[in-house]
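Asker: Okay, here's the structure, questions in a sec.
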Amino acid sequence: MGIILWIIFGALVGWIASIIMKTDAQQGALLNIVVGIIGAVIGGYIMNLFGETGTTGFNLYSFFVALIGAVVLIGIVRSLKRL
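Going by our numbering, the sequence shown opens with residue 1, and the numbers climb by one from there.
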């Protein structure tokens, strides 16, 4: 996937994850992109632990994998902020 698609994909995933986790008002567009891209990496790692493939491109499966990773990332950051 090219860098432009990673940015678009990250923005979409980060935005949806921030809506799910109710942090949309605290995050800007740049943070949504970062959360989405890192979430894709985390989601790919989680899926590899279960024996499945990670993100495979710009498709629905990869979207859900990245979304899972982004939600996990936001949850981890939230729990670390409370400490």
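Every residue, glycine too, gets a C-beta built ideally from N, C-alpha and C.
Return the chain-ordered list of same chain residues with a C-beta closer than 7 Å to the C-beta of Leu49, the five sequence neighbours on each side being excluded.
Answerer: Position 49 of the sequence shown, counted from the start, is the residue given in the question as residue 49. Result list for Leu49: empty, nothing under 7 Å.
Asker: In terms of residues, what are the limits of the alpha helix (DSSP H) holding Met47?
Answerer: Your numbering for residue 47 matches position 47 in the sequence shown. Looking at the DSSP string, the run of the alpha helix (DSSP H) that includes Met47 is Ala29 to Leu49.
Asker: Return helix, strand or coil for Lys22, following the three-state DSSP convention.
Answerer: Translated into the one-based positions of the sequence shown, residue 22 becomes position 22. In this structure, Lys22 counts as coil in the three-state DSSP scheme.
Asker: What is the DSSP secondary structure of Leu60, counted as helix, strand or coil?
Answerer: For this step, residue 60 is matched to residue 60 along the sequence shown. Note: Leu60 maps to helix in three-state DSSP.
Asker: Can you say whether Ser62 is buried or exposed, counting buried as having 16 or more other CB atoms within 10 angstroms of its CB?
Answerer: The count along the sequence shown starts at 1 and reaches residue 62 at position 62. That one is buried.
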